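Numbering (the numbering used here), first residue to last: 194 to 286.
Data first, discussion second: the structure below is written as structure tokens.
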Amino acid sequence: MAVPKQRHTKSRRNKRRSHHALGIQGLSVCPKCKETVLPHKLCQNCGSYAGREIVDVLAKLTKKERKKKEKEMAEQEKQAPAKDLNMEELSKK
């Protein structure tokens, strides 16, 4: 069995471990509900992925929670109405 002849210093050990740090995880924003979501994952808040509703989140909730969630989603849609501007409307502004 190999046995080291001399002890490695703390600085040498720490230099070797300098690449072992964890990086910052990239988060994106759900385009439908504006919650933070991991990339390539389903949104846990609204159940959508790539602009489509994949999972019906409201079906898993109780009646009271469902009403509250529907109310929140309706308020979010009222606050940010999507407008498609054409060239004429852009030139007016």
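Backbone N, C-alpha and C define an ideal beta-carbon position, used for all residues, glycine too.
Values in this document were obtained by computation on a predicted structure and should not be read as measured data.
Check: Spatial neighbours of M194 within its chain, please: CB distance less than 6 Å, with the 5 preceding and 5 following residues excluded, ordered by chain position.; Outcome: none
Check: Counting along the chain, where does the alpha helix (DSSP H) carrying R200 start and finish?; Outcome: Taken as a continuous stretch (DSSP letters only), R200 belongs to no alpha helix (DSSP H), as it is neither H nor E.
Check: Can we say the stretch 211 to 231 touches the stretch 248 to 262, given the rule of at least three CB pairs closer than 8 Å?; Outcome: no
Check: Tell me which same chain residues have a C-beta within less than 7 Å of the C-beta of G219, skipping the five on either side of it?; Outcome: P232
Check: What distance in whole Å lies between the Cβ atoms of C226 and Q269, which are believed to be in contact at a cut-off of 8 Å?; Outcome: 6 Å
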